[in-house]
Ligand SMILES: [Zn+2]
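Numbering (this note's numbering), first residue to last: 5 to 137.
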């Protein structure tokens with residue numbers, strides 16, 4: 005599940021929450037930040053877990069399925085077009101102002117951005133996996 009640490013301003017994926025064959029509504033859940041160890045927020049939403057524990061985002065007040073789909077498309081386009089970090093962040097902010105936090109975690113150079121996107125895209129695809137997006 006995606007988590008956001010407001011101290012480090014990083015997004016990371018946690019595997020600390022495990023479930024199988026169930027639904028889970030996440031609201032105000034916090035986990036230890038992978039970097040600083042302070043409390044990081046798990047992004048709110050309603051998730052389903054299949055028999056292998058693979059999670060799918062069903063709905064989320066912050067990161068909706070639509071927004072994740074748009075962000076995935078933007079990230080894929082940015083990766084192909086060798087977009088600058090500034091352009092990627094400004095286009096993400098146009099999708100939704102909540103994505104403005106990306107400016108704190110997106111790296112500074114085009115090469116590093118590509119590595120960041122190479123990590124981000126599968127995370128988004130994982131969240132959308134069972135919605136058939
Ligand atoms: Zn942190």
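Glycine included, C-beta positions come from ideal geometry on N, C-alpha and C.
Worksheet item: In angstroms, rounded to a whole number, what distance separates the CA positions of residue 42 and residue 13?
Response: Rounded to the nearest angstrom, the gap between the Cα atoms of residue 42 and residue 13 is 12 Å.
Worksheet item: Whose C-beta lies closer than 7 Å to the C-beta of residue 38 among residues of the same chain, with five residues either side of it excluded?
Response: Shown here for residue 38: same chain residues with a beta carbon closer than 7 Å to its own, the five before and five after excluded, namely 16 in chain order.
Worksheet entry | residue 63, enclosing beta strand (DSSP E) - first and last residue | For residue 63, the enclosing beta strand (DSSP E) begins and ends at 59-63.
Worksheet item: When we look at the beta-carbon of residue 128 and count the other beta-carbons within 10 Å, is it buried (16 or more) or exposed?
Response: Residue 128 counts as buried, since no fewer than 16 other beta carbons sit within 10 angstroms of its beta carbon.
Practice prompt. Give, in chain order, every unbroken run of the beta strand (DSSP E) that is at least 3 residues long and sits entirely within the segment 17-64.
Written response: Qualifying beta strand (DSSP E) stretches, in chain order: 26-30, 33-36, 43-46, 49-53, 59-63.
Worksheet item: Whole-angstrom Cβ separation of residue 103 and residue 75, contact assumed at under 8 Å?
Response: The C-beta separation of residue 103 from residue 75 comes to about 7 Å, placing the pair in contact by the 8 Å criterion.
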